[in-house]
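In our numbering, the protein residues as written are 1194 to 1279. Written below as C-alpha cells is the structure these notes are about.
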C-alpha cells in the first residue's frame, strides 16, 4: 500500500468518524496497528544492517572456520575424567 492510498483511507476514516461505529473503530485500529508494525519492522531491520554491515572481519579460509566451529563444540571434546567419578 503506497502513501497516497494510506492518506486516502485516512481521509475516508476522518470523514466517517462522526458516524463512528464499532466496526469502523476496529478498522481504524487494524490499520494503525499494521502501519506501526510495518514501520517498526523496517526500522529494526535498518538499524541491524547499519550496526553489523561490514563489522565482521575474518581472514581465515572456510576450512579453518569450520574446524574452529567443530573444535569449540562440547560434543567433539575429549571426555575428561572427574575425580568424583567411581
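Even for Gly, the Cβ is constructed at its ideal location relative to N, Cα and C. Nothing here was measured: the structure is a model prediction, and the numbers come from that model.
- In this structure residue 1251 is not in contact with residue 1259, their Cβ atoms being roughly 12 Å apart against a cut-off of 8 Å.
- Distance from the CA atom of residue 1208 to the CA atom of residue 1201, rounded to whole angstroms, is 11 Å.
- Counted as a single uninterrupted DSSP element, the alpha helix (DSSP H) harbouring residue 1220 occupies residues 1215-1245.
- Here residue 1256 carries a helix assignment [DSSP, helix/strand/coil].
- If you draw a straight line from the Cα of residue 1219 to the Cα of residue 1237, it comes to about 27 Å.
- Contact between residue 1228 and residue 1197 does not hold, since the beta-carbon distance rounds to 14 Å and is not under 8 Å.
- Per DSSP, the unbroken alpha helix (DSSP H) holding residue 1208 starts and ends at 1196-1209.
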